[in-house]
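Residue numbers (my numbering): 4 to 276.
Working notes, structure below.
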């Protein structure tokens with residue numbers, strides 16, 4: 004591919020590969036025609052371009068911003084607004100459009116961070132591998148559990164706490180469902196609802212509480228929900244030791260220090276003001 008960069012005329016163009024959290028994979032190129040590359044059709048998007056790619060041999064984070072025009076239905080303002088592109092994997096590379104099979108030179112990889120947009124353009128921050136260096140080496144102590152429900156640290160199987168249901172009524176952020184399995188009251192609190200069909204398909208919403216067939220969401224669906232839409236309901240956890248031990252029988256994996264004295268220890272005696 005390096006030979007294509009020599010001479011007065013270059014045949015090197017940008018290539019983009021974006022993979023959303025829901026599995027949708029898209030490809031774009033700065034060339035003026037669509038090109039099939041590595042099994043993905045790269046759609047012509049001359050207005051899509053990155054700023055300067057900063058690469059460093061030190062420990063400083065690389066910096067890159069992505070900007071482009073909203074000229075394709077593949078990346079539209081509505082999808083940006085509802086968060087479909089949040090956390091999407093992005094790979095930016097150079098390749099020779101005359102011989103796409105000759106390989107590519109990867110310039111940057113990472114996931115999309117903060118996305119901002121106007122009427123016809125958008126900008127997104129690329130979070131690269133160096134961002135991992137900002138994470139704490141050791142976890143801080145906390146009375147509540149630091150693990151995410153059903154992750155590797157928690158150890159529980161998420162499939163045990165998932166339920167399929169059909170929407171039977173919608174009233175702002177309160178929806179009624181017909182579940183396919185029994186869901187005890189309060190077990191969906193701190194959990195999430197994932198839309199499997201309808202205008203909100205692929206989006207997730209946090210759940211505040213549930214009782215009988217009613218579910219209270221932290222916020223109303225971003226798009227209109229209809230009776231008959233299918234949803235996936237995942238139970239939640241309030242991250243308290245009592246809940247972990249009594250409800251889930253998982254106290255041995257509790258990732259917190261519920262009995263560690265806090266900063267208010269000196270006020271816990273008779274006569275304290």
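C-beta atoms are modelled at their ideal positions from N, C-alpha and C, and glycine is treated no differently.
From the options, residue whose alpha carbon lies closest to that of residue i
i           : options               : result
residue 219 : 192, 145, 227 and 156 : 192
residue 16  : 25, 23 and 46         : 46
residue 206 : 227, 35, 147 and 186  : 227
residue 160 : 251, 26 and 41        : 251
residue 153 : 257, 89, 174 and 185  : 257
residue 130 : 111, 142, 143 and 147 : 111
residue 98  : 27, 115, 148 and 33   : 33
residue 38  : 117, 19, 173 and 150  : 19
residue 176 : 222, 187 and 189      : 222
residue 190 : 244, 213, 204 and 113 : 213
Proximal residues to residue i (C-beta, below 8 Å), its chain only, five neighbours per side dropped
i           : result
residue 216 : 171, 179, 180, 181 and 182
residue 263 : 144 and 146
residue 246 : 240
residue 210 : 191, 192, 193, 194, 195, 196, 218, 219, 220, 221, 236 and 239
residue 25  : 87 and 205
Helix, strand or coil at residue i [DSSP, three-state]
i           : result
residue 260 : coil
residue 82  : helix
residue 178 : strand
residue 238 : coil
residue 152 : coil
residue 210 : strand
residue 105 : helix
residue 168 : strand
residue 161 : helix
residue 216 : coil
residue 186 : coil
residue 255 : helix
residue 59  : A caution first: residue 59 carries a pLDDT of 45, below 50, which makes its placement in the model unreliable, though a value can still be read off. Coil, per DSSP.
residue 111 : strand
Span separating the alpha-carbon of residue i from that of residue j
i           : j           : result
residue 195 : residue 239 : 7 Å
residue 229 : residue 201 : 7 Å
residue 224 : residue 208 : 7 Å
residue 105 : residue 165 : 45 Å
residue 31  : residue 91  : 15 Å
residue 279 : residue 236 : Absent from the model: residue 279. The displayed extent of the chain is 4 to 276, so no value can be given.
residue 86  : residue 23  : 10 Å
residue 95  : residue 108 : 9 Å
residue 27  : residue 49  : 21 Å
residue 41  : residue 163 : 38 Å
residue 103 : residue 156 : 43 Å
residue 148 : residue 244 : 7 Å
residue 197 : residue 117 : 22 Å
Nearest-angstrom beta carbon gap, residue j and residue i [assumed within contact, 8 Å]
i           : j           : result
residue 21  : residue 93  : 5 Å
residue 199 : residue 233 : 4 Å
residue 115 : residue 81  : Contact flag wrong, Cβ pair sits at about 16 Å.
Residues near residue i in its chain [Cβ-Cβ closer than 7 Å; skip 5 each side]
i           : result
residue 248 : 254
residue 3   : Missing from the structure shown is residue 3; the chain here goes from 4 to 276 and no further.
residue 231 : 169 and 170
residue 150 : 156, 157 and 258
6 Å CB neighbourhood of residue i in its chain, flanking five on each side removed
i           : result
residue 145 : 259
residue 36  : 47
C-beta neighbour in chain C for residue i, strict 7 Å
i          : result
residue 14 : Within the model displayed, chain C is absent; a lone protein chain is all it includes.
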